[in-house]
């Protein structure tokens with residue numbers, strides 16, 4: 322039995338780097354990473370069978386429910402190799418599996434020497450996995466290709482072994498075959514991790530340098546920082562320093578996760594563990610930063626620290642205006658754990674007081690919204706997501722636009738919009754329809770490669786705004802669910818963009834303004850005016866709904882004045898019923914918003930804004 | 046001085062249920078009986094017993110009006126209905142000029158019934174005419190022949206009923222504007238002094254609601270129904286009928302005093318299953334099913350299903366929502382200053398009568414009557 326009792330295993334701060342293997346698992350959302358991790362925890366004996374629960378390492382409800390990992394984790398697993406009979410310490414560093422968190426993925430990869438490329442052998446590799454694989458290869462990680470779910474009836478290990486071997490540059494027979502569910506092949510995989518992945522290298526006598534690859538806020542302990550020590554040594558009660566800010570912290574606790582936190586005598590070269598300093602805000606202990614000691618600081622930071630940049634913006638408003646202070650508190654709390662979340666107060670004539678929030682991407686946006694609603698019990702309306710535009714006005718003044726209502730009203734010289742490099746993987750049957758979609762979305766084809774006979778990788782340059790608007794849903798429906806998408810920002814490009822305003826009885830409804838490509842202004846205007854005509858109840862007067870670019874009206878609908886709003890009968894038995902209805906309507910009245918003289922039920926706002934907001938929900942659902 | 050208390054007497058039986066109707070009424074088949082006589086046996090005894098209960102709970106009261114509604118009161122033996130009138134006369138002070146109305150179905154009413162009820166004190170007939178267009182009557186599941194309406198009205202007049210009213214329904218799926226014109230003209234050709242005209246309401250749970258949901262019947266647009274209302278109002282007014290409530294028109298002196306009692310905050314006692322009552326600050330309603338109702342009464346238990354106590358705010362809301370429907374309208378002095386200022390915009394939109402407003406009174410204009418519920422919402426919310 323290769324599991325080693327924990328007490329007898331090599332101890333933290335006293336483990337020879339030669340005995341350490343640091344690895345991560347690269348996998349798509351539902352390819353079985355968490356199940357494999359669970360199995361490893363069981364086989365190495367760090368979690369006893371009776372304490373086991375599914376997706377042991379996923380901490381948030383959202384992570385378990387959606388089967389995705391949002392924040393990474395690191396677990397120390399003792400293992401006695403079945404090949405050489407020696408004892409080793411395997412540090413498994415869990416990585417987030419989504420495009421929005423590429424930066425966090427890259428930091429996790431930087432903490433490892435090897436990566437398991439885990440692919441569901443009933444589905445094949447997905448675009449985001451491919452992107453992360455390339456990232457791992459750029460980091461010179463040793464890749465162990467693994468086909469998972471070999472127990473499934475639909476498994477096609479031969480087919481996908483060929484695909485993987487092409488991508489990794491190995492032979493198909495080098496791909497390991499496992500079942501996280503049954504445990505089949507997992508021991509062999511652990512042995513191969515020891516055999517193939519090189520041990521960490523570092524100078525134990527140099528100034529301490531440790532890479533922060535994750536930082537998590539915990540209500541009881543404050544910020545828990547996950548590090549990989551590269552050089553030197555970190556010890557308890559020592560004063561540490563963050564390289565980027567120079568801020569000094571007392572090290573209150575240091576230890577390893579196995580898989581619950583265990584305090585240790587420190588962390589040495591190559592080791593992975595946690596630090597607790599008592600800070601309350603993850604922004605003071607940021608992913609990518611280098612930790613060193615105050616008394617013997619390093620002069621050279623580990624490479625790769627950058628500020629995460631919000632790419633997608635949306636307004637978040639409480640449906641009940643009284644919940645505004647609660648929303649502010651909730652955002653403050655979420656930010657403690659999410660350095661990438663930015664927000665500032667914003668007022669909308671239509672929606673009241675809220676916040677303009679910046680996110681890494683659509684999934685990040687949705688997760689934040691969902692956490693606000695679920696963990697803080699808020700009910701929110703979000704405006705359609707938009708990207709950041711750099712607008713140069715006539716005369717040269719530049720304006721950064723994160724909200725369509727900030728778009729300059731006068732003449733505009735030039736508008737720059739963010740563009741991305743998108744990679745789409747799909748069965749070859751759908752090439753035509755995917756190209757059509759990308760063409761409609763102002764894409765430029767960069768190239769196409771066959772992963773296997775029937776699977777293809779298509780690369781496009783696309784404006785991010787086009788992806789933010791309903792792209793993923795379209796891709797999924799056009800490819801019967803088989804297409805997958807990954808994208809990375811590559812800069813900005815000039816676009817022929819205009820702002821379309823929606824006016825109700827001549828008043829602009831700020832929440833509905835949108836920046837769109839000139840050619841799409843008319844369809845957008847027609848779509849919104851038609852939709853609003855259906856959603857807004859008839860008023861006592863006629864209400865024109867218009868879509869306009871500046872002063873030019875491009876689409877128009879009319880809500881005719883109401884003619885009849887009365888119940889014909891009102892006798893003895895009707896009176897109580899009628900009064901009770903009125904009382905109910907009093908409640909409903911609170912949820913009415915006034916746009917000028919026009920009464921708009923909140924449901925109309927939600928419904929009108931929802932098509933765009935629904936688009937990304939498909940992205941994370943299995 | 047004794048309080049005034051109107052009486053509503055519910056007759057919860059019909060030969061057939063009409064597709065649009067959600068009233069608390071039952072066919073013999075629904076009550077699992079062989080015929081109407083069997084299912085309604087002893088029913089009137091129970092009603093009379095409830096009237097006795099009313100007497101002991103209210104004490105003495107002057108009764109200005111009695112209304113027999115349903116269901117189909119004309120299905121009951123006239124002697125039974127006469128017993129009810131006698132019971133009220135016995136337990137309360139029935140006013141000398143009391144208005145006593147019987148709702149009748151043009152097909153089931155006989156001349157003998159009319160004569161007997163007139164003798165018993167009834168002086169007003171309300172007849173369910175609904176439409177003069179046979180295909181509209183068919184959609185509504187009404188079985189009567191249009192000619193029977195004229196015959197029954199004549200008989201009522203001949204037998205000395207001072208007031209005769211007909212009910213009309215407009216906005217039935219398939220009813221053309223010409224159909225409605227025919228109905229209005231036919232009604233106006235009758236020797237009557239009162240007309241009620243109701244826009245058809247699709248009530249939840251009815252056969253009509255299901256037909257509309259399935260797309261078998263298509264309800265006309267609100268605009269079309271509004272036009273029909275305006276046409277009716279114009280025709281009635283031209284023929285000497287004046288509106289005194291949203292859906293009610295009468296010749297001078299022909300107003301239904303019983304219905305006015307519902308709108309002006311008077312007290313009323315509803316006897317029978319499902320009937321509502323209002324006295325003091327309490328509103329209550331009886332258990333719905335006739336059998337349960339009779340069982341309770343037989344055990345000398347109260348038939349009340351639920352009671353509510355009206356708060357001053359409830360009363361204020363009800364005052365607005367009822368009174369606004371009347372031509373009498375609402376005096377500025379009966380409104381709060383915020384209600385007066387909220388109402389101003391309806392004066393400028395033409396939904397409130399300008400002349401009345403200038404005389405410090407809120408009265409709906411023709412168009413305003415069509416959006417009365419909306420105006421109420423604005424005023425009380």
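Protein chains in written order, with this note's numbering: chain B, 322 to 943; chain W, 46 to 426.
Every residue gets a Cβ at the ideal spot worked out from N, C-alpha and C, and that includes glycine.
- A Cβ-Cβ separation of about 12 Å leaves residue 633 of chain B out of contact with residue 662 of chain B under the 8 Å criterion.
- Taken in chain order, the members of the region 864-890 of chain B whose beta-carbon sits within less than 7 Å of a beta-carbon on chain W are 883, 884, 885, 886, 887, 888, 889, 890.
- In this structure residue 232 of chain W is in contact with residue 174 of chain W, their Cβ atoms being roughly 6 Å apart against a cut-off of 8 Å.
- For residue 425 of chain W, the chain B residues whose C-beta falls within less than 7 Å of its own C-beta are 903, listed in chain order.
- Here the C-alpha atom of residue 519 of chain B lies approximately 14 Å from the C-alpha atom of residue 430 of chain B.
- Restricting attention to B:677, B:437, B:856, the CA atom closest to the CA of residue 831 of chain B is found in B:677.
- Under the three-state reduction of DSSP output, residue 759 of chain B falls in the helix class.
- For residue 704 of chain B, no chain W residue has a C-beta closer than 9 Å to its own C-beta; the minimum C-beta separation is roughly 28 Å.
- In this structure, residue 330 of chain W sits near residue 319 of chain W, with a CB-CB distance shorter than 8 Å.
- Taking a contact as a CB-CB distance under 8 Å, the pair residue 740 of chain B and residue 701 of chain B does not count as one, their CB atoms being some 30 Å apart.
- For residue 280 of chain W, the number of other beta carbons within 10 angstroms of its own is at least 16, and it is reported as buried.
- Rounded to whole angstroms, residue 426 of chain B and residue 501 of chain B show a C-alpha spacing of 22 Å.
- Secondary structure within the region 313-396 of chain W: the beta strand (DSSP E) runs of 3 or more consecutive residues, fully enclosed, are 313-316, 321-324, 327-331, 349-354 (chain order).
- For residue 210 of chain W, the secondary structure class from DSSP, reduced to helix, strand or coil, is strand.
- A straight line joining the alpha-carbon of residue 871 of chain B with that of residue 909 of chain B spans about 34 Å.
- Per the Cβ contact rule, the region 351-370 of chain W is not in contact with the region 150-161 of chain W (fewer than 3 Cβ pairs under 8 Å).
- Residue 511 of chain B places its beta carbon less than 8 Å from that of residue 361 of chain B.
- Counted as a single uninterrupted DSSP element, the alpha helix (DSSP H) harbouring residue 911 of chain B occupies residues 893-911.
- Neighbours of residue 477 of chain B in chain W, taken as residues at a C-beta separation under 8 Å, are lacking, since the least C-beta distance is about 48 Å.
- As for any alpha helix (DSSP H) of minimum length 4 sitting wholly inside the region 616-677 of chain B, the runs are 645-658, ordered along the chain.
- DSSP places residue 162 of chain W inside the alpha helix (DSSP H), whose first and last residues are 156-165.
- In this structure, the CA atom of residue 141 of chain W is about 15 Å from the CA atom of residue 52 of chain W.
- Checking the DSSP bridge columns, you'll see residue 562 of chain B partnered with B:569, B:613.
- Proximity of residue 892 of chain B to chain W, defined by a Cβ-Cβ separation below 8 Å, is satisfied.
- Of all C-beta pairs linking the region 694-709 of chain B to the region 647-658 of chain B, three or more are shorter than 8 Å, placing the two stretches in contact.
- The beta carbon of residue 424 of chain W lies closer than 7 Å to those of 365, 384, 387, 388 in the same chain, with the five residues before and after it left out.
- Secondary structure note for residue 851 of chain B: its alpha helix (DSSP H) is the uninterrupted segment 839-856.
- Contact annotation for residue 359 of chain W against chain B: 900 [CB-CB distance below 7 Å, chain order].
- The C-beta distance from residue 545 of chain B to residue 531 of chain B rounds to 14 Å, too long to fall under 8 Å, and the pair is not in contact.
- Residue 792 of chain B and residue 730 of chain B have their alpha carbons spaced roughly 29 Å apart.
- Residue contact with chain W for residue 906 of chain B: present (Cβ-Cβ distance below 8 Å to some residue of chain W).
- In the same chain as residue 227 of chain W, and ignoring 5 residues on each side of it, the C-beta atoms closer than 7 Å to its own belong to 177, 178, in chain order.
- For residue 808 of chain B, the enclosing beta strand (DSSP E) begins and ends at 805-815.
- The C-alpha of residue 482 of chain B is placed about 18 Å away from the C-alpha of residue 749 of chain B.
- In the structure shown, residue 402 of chain B adopts coil according to DSSP, grouped into three states.
- DSSP places residue 52 of chain W in the strand class (E or B) of the three-state scheme.
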